[in-house]
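Protein chains in written order, with our numbering: chain X, 17 to 420; chain E, 17 to 420; chain U, 17 to 420; chain P, 17 to 420. I have placed the structure first, in the form of structure tokens, so that the comments after it can refer back to it.
Protein chains: 4
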Amino acid sequence: MAGSKGKVCLAYSGGLDTSTILAWLLEQQYEVVKKTGLPLRKKVNKFSHEVRFRVPIENTSADILRAALQIGATKMIIDDLRKVFVDELCWKAVQCNAIYEDQYLLGTSLARPVIARGMMKAAEKEGCDFVSHGCTGKGNDQVRFELAYLTINPAIKVIAPWRDPLFYQRFQGRNDLLDYAAEKGIPVTSTKAKPYSMDDNLAHCSYEAGMLEDPNVTPPEDMWTRTVSPLKAPDTPLDITVHFDKGLPIKVVTTQETVTESLELFNLLNALDDSPAMTILRLAHISIEGLVLDGRVRSLRDNLSKQWSELLYNGLYFSPERAFLQPSLDFSQQRVNGEVRLRLYKGNAYVLGRTSQEKLYSEEDASMDSLTTFDPSETSGFITINAIRLKKYGLQLAEAGIEL
Amino acid sequence: MAGSKGKVCLAYSGGLDTSTILAWLLEQQYEVVKKTGLPLRKKVNKFSHEVRFRVPIENTSADILRAALQIGATKMIIDDLRKVFVDELCWKAVQCNAIYEDQYLLGTSLARPVIARGMMKAAEKEGCDFVSHGCTGKGNDQVRFELAYLTINPAIKVIAPWRDPLFYQRFQGRNDLLDYAAEKGIPVTSTKAKPYSMDDNLAHCSYEAGMLEDPNVTPPEDMWTRTVSPLKAPDTPLDITVHFDKGLPIKVVTTQETVTESLELFNLLNALDDSPAMTILRLAHISIEGLVLDGRVRSLRDNLSKQWSELLYNGLYFSPERAFLQPSLDFSQQRVNGEVRLRLYKGNAYVLGRTSQEKLYSEEDASMDSLTTFDPSETSGFITINAIRLKKYGLQLAEAGIEL
Amino acid sequence: MAGSKGKVCLAYSGGLDTSTILAWLLEQQYEVVKKTGLPLRKKVNKFSHEVRFRVPIENTSADILRAALQIGATKMIIDDLRKVFVDELCWKAVQCNAIYEDQYLLGTSLARPVIARGMMKAAEKEGCDFVSHGCTGKGNDQVRFELAYLTINPAIKVIAPWRDPLFYQRFQGRNDLLDYAAEKGIPVTSTKAKPYSMDDNLAHCSYEAGMLEDPNVTPPEDMWTRTVSPLKAPDTPLDITVHFDKGLPIKVVTTQETVTESLELFNLLNALDDSPAMTILRLAHISIEGLVLDGRVRSLRDNLSKQWSELLYNGLYFSPERAFLQPSLDFSQQRVNGEVRLRLYKGNAYVLGRTSQEKLYSEEDASMDSLTTFDPSETSGFITINAIRLKKYGLQLAEAGIEL
Amino acid sequence: MAGSKGKVCLAYSGGLDTSTILAWLLEQQYEVVKKTGLPLRKKVNKFSHEVRFRVPIENTSADILRAALQIGATKMIIDDLRKVFVDELCWKAVQCNAIYEDQYLLGTSLARPVIARGMMKAAEKEGCDFVSHGCTGKGNDQVRFELAYLTINPAIKVIAPWRDPLFYQRFQGRNDLLDYAAEKGIPVTSTKAKPYSMDDNLAHCSYEAGMLEDPNVTPPEDMWTRTVSPLKAPDTPLDITVHFDKGLPIKVVTTQETVTESLELFNLLNALDDSPAMTILRLAHISIEGLVLDGRVRSLRDNLSKQWSELLYNGLYFSPERAFLQPSLDFSQQRVNGEVRLRLYKGNAYVLGRTSQEKLYSEEDASMDSLTTFDPSETSGFITINAIRLKKYGLQLAEAGIEL
């Protein structure tokens with residue numbers, strides 16, 4: 017095609033941002049001829065190709081396919097990355113009890129490497145010159161996508177519309193996008209009444225922007241699409257058992273069914289009323305580790321888990337430092353085998369009991385009523401030796417007149 | 017008194033173990049005369065003095081006083097350590113979001129230093145030669161008490177009956193204790209039907225021993241003395257606001273009342289149906305920190321919080337290393353000011369919103385719809401520079417034929 | 017002045033880069049009028065003002081002053097930051113044994129915050145609109161300067177010529193700079209025969225660029241301007257004593273003299289033949305800490321020392337995270353008091369002995385020949401308790417057929 | 017044999033302590049019959065068997081064999097553990113740049129696991145009931161031996177004479193040992209004039225006890241048996257090249273010879289005048305890592321190196337936590353390939369140059385004179401983004417009136 021400057025592979029979700037970006041990229045093709053001075057990597061002359069990836073939680077493929085083609089994409093590729101997402105990313109997170117700043121289970125962070133890798137494979141296969149995404153220019157989600165792209169294949173350039181003045185000076189906020197979508201007849205689900213952005217995948221659904229920028233706004237009830245509000249959850253608890261093998265969830269048993277295939281298992285936990293899979297699995301995994309993992313290994317491992325979580329959060333799954341942490345993290349799971357019984361109730365999970373064939377915990381050893389395996393008088397020496405330096409410390413403080 | 021070998025200050029809780037120990041120590045006074053070869057520090061000839069400390073949650077003083085004197089203690093000292101427990105230990109734990117192995121809020125670990133220090137002060141004042149406690153010889157609670165004793169004043173010796181063969185060979189489990197108590201007319205609340213040990217203080221109530229030694233046993237419902245089972249909790253949520261100043265909870269507002277005094281505030285949170293204070297405060301503190309604490313400070317601080325928690329767990333509150341961590345932990349709280357609105361429901365707490373006058377978070381800066389304070393194109397450089405080493409990494413792997 | 021766009025405060029060292037930059041900035045004033053499209057912050061129309069900072073090691077002020085004014089600077093400010101450099105930055109580094117990647121004593125990294133702060137104070141006083149420096153666009157020295165500038169006063173803009181295409185496309189390497197300097201009559205000490213860049217301050221002298229970019233090139237002997245090559249060092253050793261108070265070097269005694277003032281002390285150590293101050297002080301400080309610092313405090317402190325060193329290396333002295341680390345680092349030095357005797361010989365320092373009045377180390381306690389303060393049989397219990405979990409580990413491996 | 021209570025495998029070095037212990041254990045056999053009440057594990061009735069292990073540096077076997085049999089050992093086993101010591105322990109230490117408290121290269125700590133494992137294999141093969149060693153009851157060397165013994169086979173009991181009152185009350189210091197040796201005709205090298213203990217192996221020679229208990233005593237010149245005093249070292253430097261493959265030293269080239277076998281290589285480095293192998297190899301390894309190891313991997317790895325070193329120091333080579341650290345430590349060495357040229361002079365080593373075929377470092381990329389691979393203006397964005405939070409920090413301080 018005359019004037020064509022290259023193919024773009026766009027991470028298309030069917031949402032407001034990426035639908036607009038798709039239309040805008042197509043529109044740019046014609047405008048570019050008339051403009052000069054725009055840096056090369058931001059030019060998009062031949063926009064013959066769109067690829068869309070997501071980790072879908074339900075079969076919305078047909079709708080999205082139709083929408084993308086309607087807007088003008090040359091081609092729509094839907095790749096089911098759900099199983100690899102669970103088997104590779106979610107399972108690694110479960111194995112190290114990953115969490116960021118004590119709260120965030122890394123839902124978006126876990127999905128980005130899988131999507132980015134899928135996009136790059138498609139881009140290479142389809143001969144694309146560019147990849148593009150709809151991430152805002154202010155957050156770290158753009159960083160996650162782009163660091164992954166550049167690590168995988170730096171020869172394919174990145175178009176980030178929300179960092180391109182041509183784009184962000186034209187669309188100064190979500191209202192401009194909505195107006196543009198209306199004008200172009202682009203089908204979108206966002207409305208001005210619900211002006212927030214959503215990231216929805218198998219592991220979680222998160223929101224940002226709009227009224228949520230005020231941290232004192234309570235999210236409205238209708239945002240809970242994945243889970244039921246605890247206030248509306250069933251009044252009867254549900255008991256389940258999760259089986260682990262080398263730290264991996266290999267079986268979930270409910271009163272109704274037994275599931276062993278990883279994606280099916282993940283979906284089942286997501287469907288149990290109101291407690292998404294990652295929350296349940298993290299609790300269950302911590303619980304079984306409490307039974308079988310040596311305490312000092314646990315402490316050292318937890319340092320690595322924190323680093324792993326921070327790397328994922330910062331878009332560094334594909335990095336030498338994450339690769340460096342992995343062998344020891346994996347090694348720690350060799351004996352994380354056993355079962356955990358849980359009760360799910362009103363949006364929470366509670367551990368009812370746990371068992372393992374591993375040798376670390378011994379009821380006989382732990383029993384207060386048994387001394388067959390242990391001579392308690394040994395502990396006196398343990399305490400005395402540990403106290404040597406503490407006595408010196410106490411003496412120093414006393415001499416300095418400092419009261420403990 | 018003829019044959020007197022020294023005064024003992026006993027940490028007396030009124031429970032089965034310490035009641036038996038009290039009687040046994042008195043009994044030893046007479047037996048000792050006839051025995052030789054027992055190491056000196058285990059001898060208790062003159063047992064003229066008992067002191068008991070706890071962090072009481074309700075006014076059971078009169079009963080315990082009566083029981084102790086009935087068994088034969090020379091003197092019973094009840095010292096109200098509740099406020100210092102909250103102000104010094106619990107508040108430090110809240111300020112650093114202390115938790116051990118992702119689960120344990122350190123209830124017992126926080127109380128031990130306060131009790132041990134109180135005991136040593138009384139022991140010094142009353143001229144005691146020994147201090148004693150009822151901790152099992154297998155756990156780490158004995159370590160917590162004794163390391164604190166020895167740091168504070170190593171001249172006062174420790175009697176640990178559960179590590180003394182004379183004691184533990186005579187009482188081979190809880191049933192022997194119950195039999196002995198029955199024989200001696202010692203008033204105890206444990207029965208053979210409820211054969212477990214309880215540690216109860218303002219921050220938590222924990223159980224161990226007996227049937228709980230099997231980790232697959234679900235704790236029976238009647239063990240929940242402090243909290244209501246979520247299944248029996250009220251059907252209506254309760255909304256509260258917690259105010260922080262320098263990371264300290266300084267005010268709690270409910271629909272009914274406003275409380276500012278620390279002990280009162282702690283008791284109020286404990287009384288709110290079903291959610292103990294430490295759980296609520298930890299969540300609220302994490303939430304306000306998310307608004308005002310710099311991310312890298314947060315990460316470095318969290319490393320220290322983990323170390324602080326491990327030190328507390330291992331009985332090292334009074335130690336040079338805990339003292340070393342404290343200045344930076346305290347420093348981190350200088351700007352942890354603001355309010356958190358929470359919903360309490362069925363044993364859980366949920367954050368509804370949060371505000372702060374501190375400058376770190378800015379709605380203007382964070383807004384996706386505003387570019388007055390930020391030029392998004394700068395981010396391209398940020399990503400490019402960060403990707404330099406990642407590109408090299410990707411290239412290395414590609415050359416080695418390793419797929420990401 | 018007509019066409020004036022603002023005053024620039026330049027970090028001027030008198031070297032090739034900054035001399036050229038000074039001339040180029042003046043030259044730009046005229047060119048700018050003719051150019052458009054250059055981003056505002058890179059424009060320098062009125063170049064009325066130059067300020068130069070360094071941490072001088074000898075009195076070269078007069079030469080530099082003359083050179084700067086000769087090139088055309090409006091004003092030359094020479095601020096003696098040596099004492100604050102030693103007292104604030106070097107002493108903090110000594111107190112935490114700062115080192116980067118086991119090798120680098122952070123000489124340049126320690127100087128940058130002091131210079132940047134001095135520049136900003138002068139820039140504010142003189143009403144400058146810009147600050148500028150001569151750091152290459154590839155290293156992290158530019159990052160150190162600019163992060164400090166922006167933290168101190170973001171209203172003053174930064175001119176980084178080596179990142180400005182107008183500059184770096186004109187001067188494509190050191191040879192172009194030398195040609196330009198020759199053409200303009202700028203006095204410089206670099207020649208094409210010695211094509212490397214030097215950073216010289218009180219703490220160290222480092223080189224980069226040119227032939228040194230090949231890591232297999234051995235630096236030529238004539239680069240050792242600060243120190244004598246070990247091969248040429250005196251054949252007789254020199255013994256000195258360093259006294260510490262709270263981790264700070266407060267006195268150095270040689271056979272010739274006794275020095276207590278910090279800058280004088282630092283200069284003396286630098287002058288002792290061939291062993292720069294930071295190397296000697298780090299060794300001496302490590303040695304005295306071995307005598308007085310609790311081992312667990314040492315280990316936790318060393319974690320913070322590593323983080324401190326990495327922050328300094330990355331230009332984050334002025335940062336909330338460095339400020340967060342400081343209180344505990346300072347606290348750790350409370351009892352680091354005593355004296356270390358050292359022998360200096362052929363470029364190395366050796367510890368001969370050390371003493372302290374602090375209580376941590378006790379000859380009596382350590383003595384193999386004395387048992388008055390210690391009952392060695394206690395150690396058996398210590399080992400037994402520590403071995404409990406190890407025995408389980410050994411058993412697990414044996415059962416799995418894994419040989420240790 | 018009548019009265020026999022078991023065989024003992026003793027770690028016999030031929031030094032004063034273990035020679036005395038050997039004689040004393042034999043003597044105990046007869047005395048024990050007359051004594052009761054001594055705990056079983058301290059009894060040694062049948063002392064039919066002695067095994068001695070060391071990591072010998074020279075062929076002193078014949079002397080030691082003769083001495084042991086002369087004193088009365090039933091059997092003397094000399095096992096050459098030198099190669100496994102180098103290949104397993106020393107090489108792991110080199111790969112992670114192991115060092116304890118910035119100074120100690122862990123010479124003794126590295127040898128203990130190898131010796132303990134060798135002893136346990138011999139003890140099992142010979143049917144011993146006990147193992148014994150001559151470590152003092154005050155240090156941590158006893159802990160290293162015994163934790164290893166108990167991990168490998170807890171069924172074999174430990175005899176630690178220096179913690180047995182029968183022994184240490186009889187021998188109250190080194191003078192008593194010397195008297196006893198003289199009386200019994202035991203051949204020892206210690207004299208009252210040189211009252212210190214020595215630990216000598218392939219990696220180092222260390223001393224303790226006696227006059228060395230005063231940290232202000234300068235070790236006398238005649239203690240340097242392994243190395244030459246720098247003052248007496250040759251006046252000409254020696255240049256060598258060390259080749260690494262996956263972080264392992266695989267070849268050393270001097271002007272005289274080329275060595276590739278690990279033990280031979282280690283011995284050669286030890287023999288090079290005056291610079292022991294571990295010091296040279298640590299420096300060379302750090303230097304090659306500086307060229308090929310990603311900076312963030314390096315930082316995370318260094319955290320693990322510190323933990324590894326602390327574990328070794330504390331006798332925890334055979335432990336689940338050391339095993340946990342190993343996979344990532346090993347992984348980090350995959351690309352640590354290249355050569356380092358060093359100059360050895362007067363007891364020190366200096367890096368002259370280094371090369372590697374790995375891709376991490378690129379002269380082209382690093383060159384200040386080349387911009388083909390890098391657009392320096394990207395760095396502005398990098399700095400701006402990193403400064404966002406720093407500007408807020410500076411603003412906060414300014415508003416609070418705190419000067420940076």
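All residues carry an ideal CB built from backbone N, CA and C; glycine is no exception. Remember, predicted model here, so these are calculated numbers, not experimental data.
| Item | Value |
| --- | --- |
| Min CB distance Gly-306/P to chain U below 9 Å | yes |
| Per-residue DSSP class, three states only, for Glu-224/X | strand |
| Among Glu-326/U, Pro-343/U and Ala-365/U, the one whose alpha carbon lies nearest that of Leu-122/U | Glu-326/U |
| Extent of the continuous beta strand (DSSP E) to which Lys-173/X belongs | 173 to 175 |
| Below-9 Å beta-carbon distance, Trp-324/P vs any chain U residue | no |
| Residue-level contact to chain U via CB, Gly-263/P, 9 Å cutoff | no |
| Interface flag, Thr-36/X vs chain U, CB-CB below 9 Å | no |
| Which of helix, strand or coil DSSP assigns to His-149/X | coil |
| Chain E contact for Ala-339/U (CB, 9 Å cutoff) | yes |
| Listed by chain order, chain C residues near Arg-317/E by CB distance under 8 Å | Absent here is chain C; the protein component of the structure consists of chains X, E, U and P. |
| Contacting residues, own chain, Cβ-Cβ under 6 Å from Gly-263/X (five flanking each side not counted) | Gln-111, Gln-349 and Val-352 |
| When Pro-292/E, Leu-281/E and Lys-322/E are compared against Trp-240/E, the one with the closest alpha-carbon | Pro-292/E |
| Chain X residues whose Cβ lies nearer than 7 Å to that of Ile-401/U | Glu-394, Thr-395 and Phe-398 |
| Neighbour-count burial assignment, Thr-295/X, 16 or more Cβ in a 10 Å radius | buried |
| CB of Tyr-196/P within 9 Å of CB of Leu-328/P, strictly | no |
| Contact check, Leu-218/X vs Phe-282/X, beta carbons under 9 Å | yes |
| Contact residues within the stretch 358 to 377 of chain U, judged by C-beta distance below 8 Å to chain P | Tyr-361, Lys-362, Gly-363, Asn-364, Tyr-366, Leu-368, Gly-369, Arg-370, Thr-371 and Tyr-377 |
| When Ala-84/U, Tyr-366/U and Val-244/U are compared against Val-204/U, the one with the closest alpha-carbon | Ala-84/U |
| Lys-141/U burial status per 10 Å Cβ neighbour count (16 or more: buried) | exposed |
| Rounded straight-line distance, which links the Cα of Cys-151/U to that of Leu-32/U | 11 Å |
| Alpha-carbon spacing of Asn-191/U relative to Glu-199/U, whole angstroms | 12 Å |
| Beta-carbon contacts of Val-67/P that lie in its chain and below 6 Å, excluding the five residues immediately before and after | For Val-67/P, the pLDDT reaches just 35, beneath the cut-off of 50, and the residue's location in the model is therefore unreliable, although a value from the coordinates is still provided. If we look at Val-67/P and ignore the five residues flanking it on each side, its Cβ neighbours are Cys-25, Ile-93 and Ala-138. |
| Short Cβ contact (9 Å threshold) for Glu-337/X with Gln-323/X | yes |
| Cβ pair count under 8 Å reaching 3, the stretch 251 to 266 of chain U against the stretch 221 to 238 of chain U | no |
| Neighbourhood of Leu-193/U by C-beta, 6 Å cutoff - its chain only, sequence neighbours within 5 removed | Leu-32, Thr-36 and Phe-187 |
| Whether Met-136/U touches Ala-176/U by CB criterion (9 Å) | no |
| Three-state secondary structure assigned by DSSP to Leu-345/X | helix |
| Extent of the continuous alpha helix (DSSP H) run through Asn-191/E | 190 to 200 |
| Residues sharing a beta bridge with Ala-365/P, DSSP | Leu-360/P |
| Where Glu-162/P falls, given that 16 or more other Cβ within 10 Å makes a residue buried | buried |
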